[in-house]
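The structure appears below as structure tokens.
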Amino acid sequence: MTSTSDDSTPESSDHGYSNGMYGGRKRQREDDDESYWAPQPKIAVTEASTEASSTDLYSQASLRMMKKMGYQERTGLGKHSQGRLDPIEASKQKGRRGLGAAPDSVDLSGAQFNDTEEIIQIPEIVDWLHGELDDLEDLDRSRLDEWLVQGPKKLIIDDETLFCDPEILKGVLEAKNVFDNMNDLDMRRACQRSNPFETIKNAIFLNRAAVKMANMDALLGFMFTDPVDEDGVSLVRDHELLYFADVCAGPGGFSEYILWKRKWHARGYGFTLKEENDFNLDNFLAGHPESFHPFYGVEGDGDVYNPDNIDSLMKLVMSETGKGVHFMMADGGFSVKNQENIQEILSKRLYLCQCLVALSVLREKGHFVVKLFDLFTPFSVGLVYLMYKCFHQIAIIKPNTSRPANSERYLVCKWLKSGTDVIRRHLFDVCVTMFRDDTNFFGYIFESNNRIGRNQITGLRKIAAYAGNKSLEETRQIEIRERCLREWCLPSTMRTAPRGQKTSHEEYSNELLRGADRKFMTTKENVLTKRGRHLIGIFGEVQDHWYFVPLNTPENSQKNIRTFFLSKGRQDVVMLNGKGMWEHLPRGIQVEMSPQTLIYGEIVQEHKGEDRSQRTSYALHIIDGLILDGEDIRKMPLLERNKYCQKFAEAINKPFGNAETVPIRCKKLIPFREIGPFIEGLQYYGLKNMTTRKGYLLPNTDERFYIPKALLFLCEIKSNLRMHYSVRNQTTYYYDLERQKSFNLHELENPSCILTSFNTTFQFRFLWKWEQELQIQASAHNPVPEDEADGLVCRSDLEYLTWQSIEKSRKIYSQ
Numbered sequence: 001m002t003s004t005s006d007d008s009t010p011e012s013s014d015h016g017y018s019n020g021m022y023g024g025r026k027r028q029r030e031d032d033d034e035s036y037w038a039p040q041p042k043i044a045v046t047e048a049s050t051e052a053s054s055t056d057l058y059s060q061a062s063l064r065m066m067k068k069m070g071y072q073e074r075t076g077l078g079k080h081s082q083g084r085l086d087p088i089e090a091s092k093q094k095g096r097r098g099l100g101a102a103p104d105s106v107d108l109s110g111a112q113f114n115d116t117e118e119i120i121q122i123p124e125i126v127d128w129l130h131g132e133l134d135d136l137e138d139l140d141r142s143r144l145d146e147w148l149v150q151g152p153k154k155l156i157i158d159d160e161t162l163f164c165d166p167e168i169l170k171g172v173l174e175a176k177n178v179f180d181n182m183n184d185l186d187m188r189r190a191c192q193r194s195n196p197f198e199t200i201k202n203a204i205f206l207n208r209a210a211v212k213m214a215n216m217d218a219l220l221g222f223m224f225t226d227p228v229d230e231d232g233v234s235l236v237r238d239h240e241l242l243y244f245a246d247v248c249a250g251p252g253g254f255s256e257y258i259l260w261k262r263k264w265h266a267r268g269y270g271f272t273l274k275e276e277n278d279f280n281l282d283n284f285l286a287g288h289p290e291s292f293h294p295f296y297g298v299e300g301d302g303d304v305y306n307p308d309n310i311d312s313l314m315k316l317v318m319s320e321t322g323k324g325v326h327f328m329m330a331d332g333g334f335s336v337k338n339q340e341n342i343q344e345i346l347s348k349r350l351y352l353c354q355c356l357v358a359l360s361v362l363r364e365k366g367h368f369v370v371k372l373f374d375l376f377t378p379f380s381v382g383l384v385y386l387m388y389k390c391f392h393q394i395a396i397i398k399p400n401t402s403r404p405a406n407s408e409r410y411l412v413c414k415w416l417k418s419g420t421d422v423i424r425r426h427l428f429d430v431c432v433t434m435f436r437d438d439t440n441f442f443g444y445i446f447e448s449n450n451r452i453g454r455n456q457i458t459g460l461r462k463i464a465a466y467a468g469n470k471s472l473e474e475t476r477q478i479e480i481r482e483r484c485l486r487e488w489c490l491p492s493t494m495r496t497a498p499r500g501q502k503t504s505h506e507e508y509s510n511e512l513l514r515g516a517d518r519k520f521m522t523t524k525e526n527v528l529t530k531r532g533r534h535l536i537g538i539f540g541e542v543q544d545h546w547y548f549v550p551l552n553t554p555e556n557s558q559k560n561i562r563t564f565f566l567s568k569g570r571q572d573v574v575m576l577n578g579k580g581m582w583e584h585l586p587r588g589i590q591v592e593m594s595p596q597t598l599i600y601g602e603i604v605q606e607h608k609g610e611d612r613s614q615r616t617s618y619a620l621h622i623i624d625g626l627i628l629d630g631e632d633i634r635k636m637p638l639l640e641r642n643k644y645c646q647k648f649a650e651a652i653n654k655p656f657g658n659a660e661t662v663p664i665r666c667k668k669l670i671p672f673r674e675i676g677p678f679i680e681g682l683q684y685y686g687l688k689n690m691t692t693r694k695g696y697l698l699p700n701t702d703e704r705f706y707i708p709k710a711l712l713f714l715c716e717i718k719s720n721l722r723m724h725y726s727v728r729n730q731t732t733y734y735y736d737l738e739r740q741k742s743f744n745l746h747e748l749e750n751p752s753c754i755l756t757s758f759n760t761t762f763q764f765r766f767l768w769k770w771e772q773e774l775q776i777q778a779s780a781h782n783p784v785p786e787d788e789a790d791g792l793v794c795r796s797d798l799e800y801l802t803w804q805s806i807e808k809s810r811k812i813y814s815q
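Under UniProt numbering, the first residue of the sequence shown carries the number 1, and numbering increases by one thereafter.
Here you go:
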């Protein structure tokens, strides 16, 4: 049996009404946060009165009709008011059982249900267990191996009373057993009618697991979608993505919630069984899947039981994130039809492997949440103990979105400690721990099992009562649904298809730009054609606000295109042609981007290797951005926009060489004064056509490069401003060409007012084409003679500007 997870089932199961009843795979996932709830009291929902007035027994229409015929309240319906006072009770007859038949086990269990024992708390209580800061020092590998115990295979759980009250375990097993022979349909209907939280369902997401994750995230102070350290400082640095892993995760409800909450600012790695347990990315409607990347291990099957798969997942995550993910969710499960009582025993290997993956992919201070079932056996509790040692805090919670009658609960682990590799390697070999000397931990597990067990018994008996009496209804479902959605910060709207699916690209872009005139998008770039002082008139004497990016496409060709790219989601990406119309990308080039995205970029021909062994492919390089997944960045300064585009490209770029789509990269803005070092740093590469050209080696790739054929200059200040140098004052100043007035930056109340938006940067861009090799050969100290340059702008012309600028800066800063 391999681990799988399925948040398409209504609930993880511990009995026929859950996993087994719904036929098979199961998996839910949730997220947890501690700091928010630890010190605060919880508020219980007030029970609505169940006593009904006499008029509540009839519909208003029926009551009016009866009154016309002489009916008076609290009297019988006969001529002399001699009739019965109460409505005839609904029949409790089951099937074809004869009158007077002895009640079955469901009836007997239902009769034990006492509604005063049902506890509903919104929000739920979170009881954190804090570990010691140095409690890993005593856990070396030899001691861990000493704790490892091997014995005969065990398939009964009735005697596992070390970690709970024996009466609680007995009550849970007896309450479960009464449903062994119940019809699945009757069981399902009773569950739906009896669960106060049932009508919440999947809200705006693909399944209930996503809502369960929202429940836990809000309950725990959003510790997953907004993780902070012990001092409340965000664990996600500025312009860094929120990295997460979703293990045993198909079809992906947990991840859909995270992507809805954080959008493209989060990048996820999914690991789950393939085929019927795979991710359903096409059904991610609330959260867009472009920054979520499924991975199936070195074996390609997504089997978490395979150590090689775990190792390959760890290598992928570490290579792409550097430190590991900020948090990991695990929600694995499988069908235990007719073996519900020993689900914990059957799941122990899954428990272990999910914990092992967490220790393999989490960064220091990362969080972990994993679904567990019963915690009665030494193996399960021992594994929880090791997690307790690896993290600063742990909590075992039963979220309200987890059906009260099942054994499901979630282990939440907060802030991974450093130095846990010894435990990770031990778990790699499989472990069982001995821990009874730790009285705090032992007491925590004992009380947790008893508390969840008591509530489970009540939930099971309630289902039995509702199964035995079909007239019973849980009247608080609508009220509780509305309150929970508010508590979890979820909308109460219905799940809908994304906007734009049936909208033309023309209409889609107009909506995205909010009606703004897009004529500027067809503006041709300014081309550098003159040398000398003409360049000073463009760039000024000091070029501190100018940047450049190398281009592979000075002119558009068949597949090398520089233009605007619009995405409606997934691979529905189009480009703007020379006539200002949207058209499909060149044949053979597939790009995947988040919906509601509009960027300016170029399709680049990239190379790997040299000469005849060289391989060529294409990539989309972002030059600048306007709107990223609905987030309008047009008014941001150039450098800020570039940081957002870098982050966006990192989020949506497919890892490990996805063959279906081309890579997406964001060009780095290079300061104007680094023109000389940039050109000097270009390397010669042999191409397939047996020519040799200077190429630009792409950072953070597998030795890929492309051939620059031009530089595009972008300015971050308004086009009417130039930066100059005052010889008299030996300082820099700005000159406004429109007002013909100079000023110093410190004279302005808001210095950032000189920075410009996307439109001005785009229309004021300048292109330097490399038409001849000699243009980039000479330097400022060895310029190209005028007769040889033939009027072309050369490296020496631009480098001379930077040399003067640097010299003036040195004079300023040396004083």
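Backbone N, C-alpha and C define an ideal beta-carbon position, used for all residues, glycine too.
- Shown here, residue 329 sits in a strand according to DSSP, grouped into three states.
- The beta carbon of residue 602 is closer than 6 Å to those of 553, 562, 621 in its chain, skipping five residues each way along the sequence.
- Assignment of beta-bridge partners to residue 324 by DSSP yields no partner.
- DSSP places residue 246 inside the beta strand (DSSP E), whose first and last residues are 242-247.
- The residues 395, in chain order, have a CB closer than 7 Å to that of residue 127 in the same chain once the five nearest residues on each side in sequence are set aside.
- Apart from sequence neighbours up to five positions away, the residues of its chain that approach residue 316 with a beta-carbon distance below 8 Å are 269, 295, 655, 656, ordered along the chain.
- With fewer than 16 other Cβ atoms inside 10 Å of its own Cβ, residue 478 counts as exposed.
- Separation of residue 117 and residue 458 (C-alpha to C-alpha, rounded to the nearest whole angstrom) is 7 Å.
- About 6 Å separates the beta carbons of residue 219 and residue 124, which is inside the 8 Å limit, making them a contact pair.
- Take residue 776, set aside five residues on each side of it, and the residues of its chain with a beta-carbon closer than 7 Å to its own are 679, 770, 795, in chain order.
- With a minimum length of 4 residues, the unbroken runs of alpha helix (DSSP H) contained wholly in the stretch 188-259 fall at 208-219.
- With respect to the 7 Å criterion, residue 634 and residue 649 are not classified as neighbours on the basis of their beta carbons.
- C-alpha of residue 314 to C-alpha of residue 638: approximately 36 Å in a straight line.
- Counting only runs of 4+ residues, the alpha helix (DSSP H) found wholly inside the stretch 614-657 occupies 638-652, in chain order.
- DSSP lists 566, 584 as the bridge partner or partners of residue 574.
- Apart from sequence neighbours up to five positions away, the residues of its chain that approach residue 413 with a beta-carbon distance below 6 Å are 368, 387, 391, 394, ordered along the chain.
- Using a 10 angstroms sphere on the CB of residue 642, the tally of other CB atoms reaches 16 or more, which defines it as buried.
- Under the criterion of beta carbons closer than 8 Å, residue 397 and residue 409 qualify as touching, at roughly 7 Å.
- Within the DSSP bridge table, the entry for residue 546 names 715 as partners.
- Contact check for residue 291 and residue 619: beta-carbon distance about 17 Å, past the 8 Å limit, so the pair fails to qualify.
- With a beta-carbon spacing of about 6 Å, residue 205 and residue 253 fall inside the 8 Å limit used to define contacts.
- In summary, residue 529 is exposed, with fewer than 16 beta-carbon neighbours lying within 10 Å of its beta-carbon over all protein chains present.
- The DSSP assignment places 421-428, 439-468, 477-487 as complete runs of the alpha helix (DSSP H) inside the stretch 409-494, in order along the chain (cut-off: 4 residues).
- In this structure the stretch 583-590 does not lie against the stretch 673-692, because fewer than three pairs of beta carbons, one per stretch, are closer than 8 Å.
- When the five nearest sequence neighbours on each side are left out, the beta carbons in the same chain lying within less than 6 Å of the beta carbon of residue 481 are those of 199, 200, in order along the chain.
- In the three-state reduction of the DSSP assignment, residue 350 falls in the helix class.
- For residue 608, the enclosing beta strand (DSSP E) has its first and last residue at 597-608.
- When DSSP reads this structure, residue 268 sits in a beta bridge with 244, 292.
- DSSP, reduced to helix, strand and coil, places residue 803 within a helical segment of the structure shown.
- Within the same chain, and ignoring the five residues on either side of residue 186 in sequence, the residues whose Cβ sits closer than 8 Å to its Cβ are 467.
- Contact between residue 259 and residue 227 does not hold, since their C-beta atoms are separated by about 16 Å, which reaches or exceeds 8 Å.
- Looking at the DSSP output, residue 693 sits in a beta bridge with 685.
- A Cβ-Cβ distance of about 20 Å is found for the pair residue 160 and residue 439, leaving them out of contact under the 8 Å criterion.
- Between residue 405 and residue 463, the gap from beta carbon to beta carbon is short of 7 Å.
- Under the criterion of beta carbons closer than 8 Å, residue 803 and residue 710 do not qualify as touching, at roughly 22 Å.
- The beta-carbon separation of residue 582 and residue 505, rounded to 4 Å, stays under the 8 Å limit for a contact.
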